[in-house]
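There are 4 protein chains.
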Amino acid sequence: MLGVGLIGTGFMGKCHALAWNSVRAVFGDGPDISLVHLGEANENLAVERASEFGFRRASGDWREVINDPQVDVVSITTPNQFHPEMAIAALKAGKHVWCEKPMAPGFAEAEAMAAAAAQSGKVAALGYNYTQGPAIRHIRKLLDEKIIGEVNHLRIEMDEDFMADPDALFYWKHEATSGYGALDDFAVHPLSLLFTLFGRVSRVMCDMAKPYASRKTRDGTSRAVETYDSASVLMHMENGVAGTLQVNRSAWGRKGRIALQIFGSKGSILFDQERANEFQLYVTSDRPTEQGYRTILTAPHHEPYGRFIPAPGHGLGFNDLKIIECHELIKRIEGQAAHLIEFADGLEIERTVHAMARSFKDQRWVDVR
Amino acid sequence: MLGVGLIGTGFMGKCHALAWNSVRAVFGDGPDISLVHLGEANENLAVERASEFGFRRASGDWREVINDPQVDVVSITTPNQFHPEMAIAALKAGKHVWCEKPMAPGFAEAEAMAAAAAQSGKVAALGYNYTQGPAIRHIRKLLDEKIIGEVNHLRIEMDEDFMADPDALFYWKHEATSGYGALDDFAVHPLSLLFTLFGRVSRVMCDMAKPYASRKTRDGTSRAVETYDSASVLMHMENGVAGTLQVNRSAWGRKGRIALQIFGSKGSILFDQERANEFQLYVTSDRPTEQGYRTILTAPHHEPYGRFIPAPGHGLGFNDLKIIECHELIKRIEGQAAHLIEFADGLEIERTVHAMARSFKDQRWVDVR
Amino acid sequence: MLGVGLIGTGFMGKCHALAWNSVRAVFGDGPDISLVHLGEANENLAVERASEFGFRRASGDWREVINDPQVDVVSITTPNQFHPEMAIAALKAGKHVWCEKPMAPGFAEAEAMAAAAAQSGKVAALGYNYTQGPAIRHIRKLLDEKIIGEVNHLRIEMDEDFMADPDALFYWKHEATSGYGALDDFAVHPLSLLFTLFGRVSRVMCDMAKPYASRKTRDGTSRAVETYDSASVLMHMENGVAGTLQVNRSAWGRKGRIALQIFGSKGSILFDQERANEFQLYVTSDRPTEQGYRTILTAPHHEPYGRFIPAPGHGLGFNDLKIIECHELIKRIEGQAAHLIEFADGLEIERTVHAMARSFKDQRWVDVR
Amino acid sequence: MLGVGLIGTGFMGKCHALAWNSVRAVFGDGPDISLVHLGEANENLAVERASEFGFRRASGDWREVINDPQVDVVSITTPNQFHPEMAIAALKAGKHVWCEKPMAPGFAEAEAMAAAAAQSGKVAALGYNYTQGPAIRHIRKLLDEKIIGEVNHLRIEMDEDFMADPDALFYWKHEATSGYGALDDFAVHPLSLLFTLFGRVSRVMCDMAKPYASRKTRDGTSRAVETYDSASVLMHMENGVAGTLQVNRSAWGRKGRIALQIFGSKGSILFDQERANEFQLYVTSDRPTEQGYRTILTAPHHEPYGRFIPAPGHGLGFNDLKIIECHELIKRIEGQAAHLIEFADGLEIERTVHAMARSFKDQRWVDVR
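Set out below in structure tokens:
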């Protein structure tokens, strides 16, 4: 029996709740899951959501969740600035932690979280769900098999358009206090894929840009935008491979694009999260006259797709990724090997983000470590 | 509080269980859901699955499920030949029924089911989940708005390749007792979409074919295949529109293709279930020099996508369709308008399938009614 | 030295002229080409076009072209109804003939043309240029190699939207005297591909439809449309394969679509003329976890692409197909094997079209021969 | 009457010859074209090609071509290192010049060419044919119309795989004397598109990489590769827009990719040369629920497509681009406005390439001017 606590009931809170509700039915293994305690600043909302999400208890104080003796693991899905305090407290209370990404607004806080995790002896995992899709998991396997030989060039782009409207008003995400801009908002996602598939980044050279220098405010005046909606990065991986990483949150037409291009000595692989149920493979072992990118639809033989649907080409959704991640977390808690990004690796992702920002500020190449 | 019984624990049984587990968390409305009783011929398996799926009671006899006084609605997910007896018994026991498609191998049995449903006063719905996707729901809305004017031509294809291997052995699906072939296996799916989007089919002219005349058996001999892996149908809709319907279960490369082409006087719409999170729209109201098919990614403004994910382009999966269907069923049970295919309409779908088979047998156009 | 005459200076006349101008530079073989005589009903236009197209002589009377002693081969690119008289006269005058498709409005006339060709001992070829693309030529080679095993199912669609506007006025193509409709206009193109790739059609069952029952006339009244803008055909090939052929000239959004789906026992092949520089191949010899449609870009190793461009993926255009066809014609004139549809095969294509029309009239399956 | 000389008979020489042969038939305007004199180092080959390409005279000495009094314009299609001497001599001989890109291996030579062009008063144009496609021409028009508002972000990638095979032997393109690598080979193409669509580049930050550090030689030893197969560039345009440019000649699977992503305040535009007969447009003026990338097939209303084919969606080829360029050159010679990249602008393109190389060498941002 695994007792679950959940803090936060927004988008990701609901996503965690769905995962905890479905994981055992999907995978048919592991301990019984008991949804014990839901915390949410607004107590009335906490009670309402606990009923919808199937939690037994609700509380307006998150500390009650982490101190609930029946809670073994705590999902933390609140805004980033609350992660450090909550995660560290949960770990100190002897709970496993499943915290949404990124870890924290500042690097020092992320370091403190990683230190707390190391001291606790508990599992402390981050919610990098894009690394969990069957396509990505299979690409990892293909890379290990050297199906495209030695990788020599990488490109990754993450683009959305939620900030693309020039007439949208100035709000807190345009203030420097919220961070750098797209770099914080986004870059951790493509970096989680790079870490999963290729390892760490060693050097970066970053440029950032503002599509709109100022925005209107509610009172009818105008205010200078302080954050950068796009970042373009030249990078070298620790394994010697060079490539680029680009993020843009003002890219009209892009909704959930995370486009990966991987080139090797014997072929190449393409993936785009907007069509996450397929990936493309080009291999030079095909006869030259019939070489071309294969569009491969995910199927039961791409793990763990088959736990969801026994028929190929039927497709998993975004919420299913969190179910897979939840299952990996449970495996890890039970002492098995798991495919997860834990605090120690998450810290390296955030170190890389901050190195990119420093590179832009100093207008020069920066070593990540 | 709605008490749920589930009969069957295969692919679709699990899919129903996942839907019942998630529907309230996803939609945040409706009654509490109580997973009461799971039935499965193998009692040990029933107990095991009840634990995984979260049901309180398990039984090796489906009659115990339908007679459980705490059960209000019964999910029937067993093989087709068991549907009639189970569904009729459940309706007679005063339960609502949610039965997987198709209704029954023979038309007379399907008629009996529809009659039982009409007499019961209970809700009797079929599991045509492909009609529930946000893209299909939005296409229906666009057709009602006449965004492509008056529809004048239709084409629909459903293709998979699970029977495409000529070296696969003869098994029960190759015997005439299993039905006509792809026509029974498949045609109800595209017909459910046609019914949802355009209404009933009036006339059909059908051809069927066997890609492999015989197959090897386990004992090393060979046996003539009695069913048809493909069916191609010329058809006229009751609303006067002409078109074609094609199904093939031996189409190498196709995994879950349900490709729809809808042509109207002011534009056209394309959809393919293999990329179910998008659809294509061409409208003549765009300036001529920039007319082209728009690839539209599903998003929160395509209902009910937003109940799952607040961000566009992130994608729903096959299992999510069943959650939506479950929610429609609950709405219907609560007396609200719902987007469902109930037994009366399901009977018309099956009438159409049988008319297609008769057309092929008689080599002539056949009126469906 | 090969002397060329050209009759007609519209779309296809210009296309022939471009081919004759370029064929020797592209292929670097064959006889010198001499552009001798251009005929066009309007003599002034004839003179003007002769100058533009590089012909030495011009005439307002096509008979002068076919009787010009320096002319060895005559391109006939006039409207269909003029083909029989011109082609037969040219053949009788001892000239080779390259005539645009279809051969003639009526079958008897087409038969007369084929008979004249047979008697003449001259080359009489038809302008079925879609059969000449490197992708189609390579698909033919792959089918011969059995790369997808034995073909067992075919689908072909040809759709354009030039007649899709319901507000376009009634004109001669809406009168029954112009033929059946899309069937004449279009079906010969997909049939030329079927003939090239698979051989002849044996039986057909055809349905036709009118998207718009009537159209406005110039004088403000309305007139019933007599031709059918779409045709849908169930068919059996002489080699036993079943499939469908569909044509539609009122399909909004489709511009030059000729979409072919070929299913075999070991794979499948897809092609669409709107993206004629690529085709798709699925083969079961790929490892199961990486099976998928390969998008293969045409390249120098797909003959005769390399005669045009030495680099892969750079693309040929519609007019290039005519250059290839011209080269095949020259090879044939010089007594070599050539990839062409000559009058005898063209007659079979037209026989098939008329059988389709008869099937629709009689509402039954019709044997082509 | 315009007298044409051609120097070089390789890939691009043939391409020029085809253009000169077809331009008047395609466009139906301008002066008569007379193919006067073909020069090629190998005199026998010169005679042979002159016959194939339709030139009246042939010569083994290029100086005879430029000094031929009947030659008005000289196509220069020899390897880059010969461009400066030939182009300058032709201009001094009072001929117009049409020279393939890039201008010259070194910047000083390119400057000398531009100076010679300025002094001559003759037309001196470069063969940047990718800027001539109807899709690119129409995109330019749409940008001028501000259909996607103010452009704020650009990405361009050019990738091929002709150098991707690690087992291919060391040859002259791997020596530093051949230039920087992909940067010289390729970057001028995407830069020509950027210049055409957006103007000049102001600042660059470049990284380059070698996928294979050494290659085998013919004698069985191994030799260090001195050139870089990929280059990735952060850049700022003079108009303030930021973006990236990436080139790779060892990108397995890419054949003729030139992928452009243009983001603006009201939409975005995508283009890929591998599918040059289409482009994609996203505009926020579409209703939100139906916003999506439109795939727009080129058509007669996208100039000058209609001069080639009167039907939409039928497709132009690579060689057709050179015919369009040839027509622009003739217009320019006749004193009309033309869409061309002349030596002065070509010099700026090459200045940009050299600035990129300097940036990589110095590992810092470099101002182009």
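If you read the protein sequences in the order shown, they are chains A, B, C and D. Each residue of the first sequence is one higher than the one before, starting from 1 at the first, in the numbering used here. Each residue of the second sequence is one higher than the one before, starting from 1 at the first, in the numbering used here. Each residue of the third sequence is one higher than the one before, starting from 1 at the first, in the numbering used here. Each residue of the fourth sequence is one higher than the one before, starting from 1 at the first, in the numbering used here. Beta carbons are placed, not taken as given, at the ideal position from N, Cα and C, and that holds for glycine. On a predicted model such as this, the values are computed, not experimentally measured, just so you know.
- Burial is judged here by how many other beta carbons sit within 10 angstroms of a residue's own beta carbon; A:Q132 has at least 16 and is buried.
- Interface annotation, D:A299: in contact with chain C, CB-CB separation under 8 angstroms.
- With fewer than 16 other CB atoms across the displayed protein chains lying within 10 angstroms of its CB, D:P310 is exposed.
- The residue among D:H236, D:D184, D:V225 and D:A338 with its C-alpha nearest the C-alpha of A:C206 is D:H236.
- When only Cα atoms are considered, B:F55 and C:Q280 end up about 47 angstroms apart.
- The segment 33-120 of chain C is shown to contain whole alpha helix (DSSP H) runs of 4 or more residues at 43-53, 62-67, 83-92 and 107-120, in chain order.
- Taken in chain order, the whole alpha helix (DSSP H) runs of length 4 or more contained in the segment 133-197 of chain C are 134-144 and 182-186.
- Beyond the five residues adjoining it in sequence on each side, B:G13 comes within less than 7 angstroms, by CB distance, of L6 and T77 in the same chain, given in chain order.
- When DSSP assignments are scanned along the segment 261-316 of chain C, the uninterrupted stretches of beta strand (DSSP E) that are 3 or more residues long and fall wholly within it turn out to be 267-272, 278-283 and 293-297.
- Sixteen is the threshold: since fewer than 16 other Cβ atoms of the shown chains lie within 10 Å of the Cβ of D:Q81, the residue is exposed.
- Annotated as distal: D:K216 and D:A19, with beta-carbon spacing of 8 angstroms or more.
- At a cut-off of 8 angstroms between beta-carbon atoms, B:K14 makes contact with chain A.
- Neighbours of B:G306 in chain C, taken as residues whose beta carbon is under 9 angstroms from its own, are absent, since the nearest beta carbon is some 28 angstroms off.
- C:M208 is bridged by DSSP to C:A231.
- Of the candidates C:V4, C:A357, C:E175 and C:G8, C:A357 places its Cα closest to the Cα of C:A231.
- Counted as a single uninterrupted DSSP element, the stretch harbouring A:V368 is not any alpha helix (DSSP H), since DSSP gives it neither H nor E.
- Note on geometry: alpha-carbon atoms of C:N239 and C:I148 lie some 16 angstroms from one another.
- Around the beta carbon of B:P134, a 10 Å sphere encloses 16 or more other beta carbons of the protein chains shown; the residue is thus reported as buried.
- Here D:K122 really is in contact with D:L91; their C-beta atoms are around 6 angstroms apart, less than 8 angstroms.
- Note that the C-beta distance between C:Y130 and C:L193 is below 8 angstroms.
- Take the alpha-carbon of C:V65 and the one of D:I156: they are about 52 angstroms apart.
- Going by DSSP, C:R215 is part of no alpha helix (DSSP H) but of the beta strand (DSSP E) stretching over S214 to K216.
- Listed in chain order, the non-local C-beta contacts of D:C326 below 7 angstroms within the same chain comprise A19, W20 and V23, local neighbours out to five positions each way being set aside.
- Taking 8 angstroms as the cut-off between beta carbons, none of the residues of the segment 87-121 of chain B comes near chain D.
- Assignment of beta-bridge partners to A:G5 by DSSP yields A:H37 and A:V74.
- Within 7 angstroms of the CB of B:I139, no CB atom of chain D is found; the nearest one sits about 11 angstroms away.
- Within chain C, no residue has its beta carbon less than 8 angstroms from that of A:T284; the closest one is some 13 angstroms off.
- Burial of D:F308 is indicated by the presence of at least 16 other C-beta atoms within 10 angstroms of its C-beta.
- With the criterion set as a beta carbon lying under 9 angstroms from some beta carbon of chain C, the members of the segment 244-261 of chain B are T244, Q246, N248, S250, A251, W252, G253, R254 and Q261, in sequence order.
- Here the alpha carbon of B:R223 sits roughly 12 angstroms from the alpha carbon of B:W172.
- Contact check for A:P84 against A:A115 fails: the beta carbons are separated by 8 angstroms or more.
- DSSP, read as helix, strand or coil, puts B:H354 in helix.
- Bounds of the alpha helix (DSSP H) holding A:G13 are F11 to F27.
- Beta-bridge analysis with DSSP links B:L126 to B:C99 and B:I341.
- Between B:V97 and the set B:D229, B:R275, B:Q246 and B:I341, the nearest pair of CA atoms involves B:I341.
- Between D:T9 and D:R57, the alpha-carbon positions lie close to 14 angstroms from each other.
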